[in-house]
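These notes are about the structure you will find just below.
Residue numbers (the working numbering): 288 to 411.
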């Protein structure tokens, strides 16, 4: 006579295995997510710095051509840079410059320089 052995088929994962995977995923997320946040902040700072350099260069050209001067506030400078200049050429900037959230332009009347306020800082 034959004896049959009943084999139990194991399907799925145990609770311990699932908990281990969840803990590992949590650790990975805790490591990776802050790195993405830092990269995003660095990208915003680089974009703001690039925009500031462009605005400064165009402001210098505008002053050289006589369309801008050092007594202008930021609103007047922005209007002068985006309007058609006296000679009828194209504007110094195609559109008003935009900065990432938290950044803003300021014009310093003492040294005739355009600066940028950064989040958590005074100016750059």
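Ideal placement from N, C-alpha and C gives every residue a C-beta, glycine not left out.
C-alpha gap between residue i and residue j, whole angstroms
i	j	result
residue 299	residue 326	39 Å
residue 370	residue 342	14 Å
residue 362	residue 323	35 Å
residue 394	residue 313	47 Å
residue 385	residue 318	32 Å
residue 389	residue 381	23 Å
Delimiting residues of the alpha helix (DSSP H) encompassing residue i
i	result
residue 341	302–352
residue 367	361–369
Neighbour-count burial assignment, residue i, 16 or more Cβ in a 10 Å radius
i	result
residue 301	exposed
residue 315	exposed
residue 345	buried
residue 411	Note on residue 411: pLDDT 46, under 50, position unreliable in the model; no value is reported.
residue 368	buried
Terminal residues of the beta strand (DSSP E) in which residue i lies
i	result
residue 402	400–404
Report yes or no: do the stretch 334–341 and the stretch 351–362 share at least 3 C-beta pairs separated by less than 8 Å?
-> In short, these stretches do not touch, since the Cβ pair count stays below three.
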